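In UniProt numbering, the protein residues as written are 1 to 145.
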């Protein structure tokens with residue numbers, strides 16, 4: 001995803017019209033006209049800006065590039081989790097877990113990780129993969145549960 005996208009308007013706040021509508025290409029080959037964008041609250045202190053409201057799309061997606069731009073952070077992938085790491089955070093923040101090749105976000109389980117990565121029952125972390133060639137870098141699938 002080149003932009004953050006959210007199908008569920010209720011997940012967005014400060015929703016407003018885009019200065020100019022954009023056409024978004026969907027994975028099924030169709031295009032949809034997008035006219036609104038808003039903000040998505042990831043945690044109490046972390047808010048994602050400029051999230052396109054894409055009605056009738058099946059998934060909510062985060063753009064890794066846009067996350068890195070907005071927060072001046074790194075996004076790291078392991079076989080089990082996706083995490084944000086940056087100077088604005090006290091500790092790395094686990095934002096998604098791997099399910100069938102997608103990193104799924106459950107906002108209720110977004111958690112700070114200890115400075116040394118530990119394994120717990122909620123999120124199994126084996127090692128940080130510094131060479132993310134095996135990880136899909138296209139985006140985290142943001143799905144509230």
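Ideal Cβ positions, reconstructed from N, Cα and C, are used throughout, including at glycine. Please read all numbers here as calculations on a predicted model, not as lab measurements.
Among the options, the one whose alpha carbon lies nearest that of residue i
i: residue 74; options: 61, 80 and 88; result: 88
i: residue 94; options: 65, 81, 101 and 104; result: 81
i: residue 64; options: 77, 44 and 29; result: 77
i: residue 57; options: 50, 42 and 28; result: 28
i: residue 34; options: 59, 20 and 62; result: 20
i: residue 45; options: 102, 71 and 26; result: 71
Rounded straight-line distance, which links the Cα of residue j to that of residue i
i: residue 7; j: residue 54; result: 5 Å
i: residue 10; j: residue 16; result: 13 Å
i: residue 105; j: residue 98; result: 9 Å
i: residue 49; j: residue 41; result: 9 Å
i: residue 61; j: residue 24; result: 13 Å
i: residue 43; j: residue 31; result: 31 Å
i: residue 85; j: residue 91; result: 7 Å
i: residue 79; j: residue 68; result: 20 Å
i: residue 101; j: residue 18; result: 32 Å
i: residue 59; j: residue 52; result: 12 Å
i: residue 22; j: residue 2; result: 12 Å
i: residue 103; j: residue 110; result: 12 Å
i: residue 83; j: residue 96; result: 7 Å
Residue i and residue j closer than 8 Å at C-beta
i: residue 66; j: residue 13; result: no
i: residue 36; j: residue 47; result: no
Proximity test, Cβ basis, 8 Å: residue i and chain B
i: residue 90; result: Judged by its chain identifiers, the structure shown contains no chain B, having just a single protein chain.
Identity of the residues DSSP links to residue i by a beta bridge
i: residue 17; result: 36
i: residue 99; result: 102
i: residue 4; result: 51
i: residue 77; result: 82
i: residue 9; result: For residue 9, which the question treats as bridged, DSSP gives no partner whatsoever.
i: residue 65; result: Answer is none; residue 65 lacks a bridge partner.
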